[in-house]
Amino acid sequence: MGIKRVVICTGKGGVGKTTISAATALKISEMTKEKTIVASFDIAHNLSDIFGVEIGDKVTQVSDYLYVIEPDPDNYIHQYTDRAFSLAKATIYDLAVTRLSPTLKNLVELLVTTENVPISAKQAAFFQIFLDASGHEFSYVFGDFPPTGSAKALLEIPVFFIDELVKKAFTRTTEGALTIAYEGIRRLLNPTKLLDGRSPLGDLFTELREIKARGERLSEILTKYLSLRLVCIPEHAAVMETVRANDDLKHLYCPDVVYMNKIISDEVIADNKFLKEKREEQEQRIKELEEMLPNMKVYKGFLRHREPITVDGLRMFADDLYGNATVEEILGIGPPKKYIEPSEKVLDSPKAVEKKAKS
Ligand SMILES: Nc1ncnc2c1ncn2[C@@H]1O[C@H](COP(=O)(O)OP(=O)(O)OP(=O)(O)O)[C@@H](O)[C@H]1O
Ligand SMILES: [Mg+2]
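Counting from 1 along the sequence shown, just add 4 to a position and that's the residue number in our numbering.
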């Protein structure tokens, strides 16, 4: 079995990201009867509350084909960085520069440590390790992401780190150049070390190459299978944040679905004037969103008078949300679209090509 789709939901706080991720995952797991997982990437996990079971840092089964996890990113960052960090330190110490200055050694000890890794990088490390491992076990992976700002960091770190930094900067040529420079400094500072030959730099490079390969696998999974989704409610601030989130994220992966959640339904309105006016205002917001994001598929979820919690509540919510939609309609197909800068579009337009050919 291999991964078929990775669905990531992000959006403003409290709009229903966790509810929608959980409900959609449950629906897909029941329709396909294939192993599906929801992982929380929000530090303030609340999947446990939504499913009404204790989850925590291990994969927990919550229904026939559905599994959930609320990871502690601190546990995963060690797997990711411990070896690289100790090799980096060994390499620096091997130069013997630090022996000349105890302050420098203290500084290295202080800086090159897992504790200094920012939380978004820790989450990103878990994201890589998790997708790498779950790819073999689960067909459908759902990521319940934190609100927009942190979601961008989570998606950006692997993209930036792997595509920009590691692929472009960490090449055989840079490896070679670094080795020459390193050996030069090493000889200069520590001539006796010349005799014991092997430096830790080679091992550090091997470790970095492994990190790079893992990052490339993650990048490949996202490029092929990701569907990035925005969750919104029909209120001005949420609509504006959704539009901004789309603008921000599209440079990484184009979001392709918006969920408009907590819409007041006709049954609820009855003759209530307040609710009727509220709903009119909501319709205005929905229209604004649809106008601002014209190419996005919009799913509408109604405000339920009972919170959609527990497997039964989530199932009812998902049935309402998706009606008779097929698995393909719910999950979408194909890789995430690539955003093309307007300037590039102009350059590639037939007229521009013609112009170029003439000149
Ligand atoms: N359509 C709905 N009808 C009624 N209650 C809802 C609906 N959608 C979500 N809720 C409730 O709204 C609250 C917030 O939902 P949820 O936790 O899914 O939002 P979130 O976007 O994940 O929040 P956070 O930003 O805190 O992670 C929960 O109590 C949930 O049960
Ligand atoms: Mg949440």
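Just so it is clear, CB atoms sit at the ideal spot from N, CA and C, and this is done for glycine as well.
Just so it is clear, the structure is predicted and the values come from calculations on it, not from any experiment.
Whole-angstrom C-beta distance between residue j and residue i, which should lie under 8 angstroms
i	j	result
residue 262	residue 296	Actually they are not in contact, since the Cβ atoms of residue 262 and residue 296 sit about 10 angstroms apart, beyond 8 angstroms.
residue 253	residue 232	6 angstroms
residue 45	residue 142	Going by Cβ atoms, the distance from residue 45 to residue 142 rounds to 16 angstroms, so no, they are not a contact pair.
residue 307	residue 266	4 angstroms
residue 343	residue 258	5 angstroms
residue 47	residue 84	Rounded, the Cβ-Cβ distance is 17 angstroms, inconsistent with contact.
residue 86	residue 118	7 angstroms
residue 88	residue 211	5 angstroms
residue 249	residue 152	4 angstroms
residue 6	residue 305	So it is not a contact: roughly 30 angstroms between Cβ atoms.
Same chain only: Cβ atoms within 7 angstroms of residue i, ignoring 5 sequence neighbours per side
i	result
residue 323	none
residue 30	67, 70, 315, 318, 319, 322
residue 155	14, 149
residue 289	238, 239, 240, 243
residue 183	205
Sequence-distant residues of the same chain with beta carbon closer than 6 angstroms to residue i, five excluded per side
i	result
residue 228	339
residue 159	256
residue 335	9
residue 11	146, 231
residue 64	72
residue 55	66
residue 135	222, 225
residue 341	258
residue 285	none
Neighbourhood of residue i by C-beta, 8 angstroms cutoff - its chain only, sequence neighbours within 5 removed
i	result
residue 92	116, 208
residue 126	77, 78, 80, 81
residue 287	238
residue 347	none
residue 279	268, 272, 273
residue 123	47, 77
residue 121	81, 85, 129
Check: residue i C-beta below 7 angstroms from any heavy atom of ligand 1
i	result
residue 135	no
residue 235	yes
residue 248	no
residue 306	yes
residue 313	yes
residue 151	yes
residue 266	yes
residue 15	yes
residue 18	yes
Residue i: CB within 7 angstroms of a non-hydrogen atom of ligand 2
i	result
residue 21	yes
residue 86	no
residue 46	yes
residue 53	no
residue 50	yes
residue 148	yes
Whole-angstrom distance between residue j and residue i, CA atom to CA atom
i	j	result
residue 60	residue 230	25 angstroms
residue 97	residue 114	14 angstroms
residue 216	residue 226	15 angstroms
residue 74	residue 244	29 angstroms
residue 331	residue 178	46 angstroms
residue 203	residue 57	51 angstroms
residue 185	residue 293	55 angstroms
residue 328	residue 28	13 angstroms
residue 218	residue 282	49 angstroms
residue 17	residue 234	12 angstroms
residue 199	residue 181	Annotation note: pLDDT 47 at residue 199 (below 50); position unreliable, no value reported.
residue 176	residue 221	19 angstroms
residue 187	residue 43	45 angstroms
residue 224	residue 337	16 angstroms
residue 345	residue 157	21 angstroms
residue 312	residue 214	42 angstroms
residue 137	residue 291	41 angstroms
residue 276	residue 38	44 angstroms
residue 309	residue 111	57 angstroms
residue 251	residue 90	39 angstroms
residue 62	residue 192	50 angstroms
CB contact check: residue i to chain D, cutoff 8 angstroms
i	result
residue 31	Judged by its chain identifiers, the structure shown contains no chain D, having just a single protein chain.
Check your understanding: Are three or more beta carbon pairs between the stretch 48-56 and the stretch 267-275 nearer than 8 angstroms?
Key -> no
Review point. Any contact of the stretch 252-268 with the stretch 287-304, i.e. 3+ C-beta pairs under 8 angstroms?
Key: yes
Check your understanding: Three or more beta-carbon pairs under 8 angstroms between the stretch 24-36 and the stretch 65-75, yes or no?
Key -> yes
Exercise for review: Would you check if there are 3 or more beta carbon pairs closer than 8 angstroms linking the stretch 143-156 to the stretch 16-28?
Suggested key: yes
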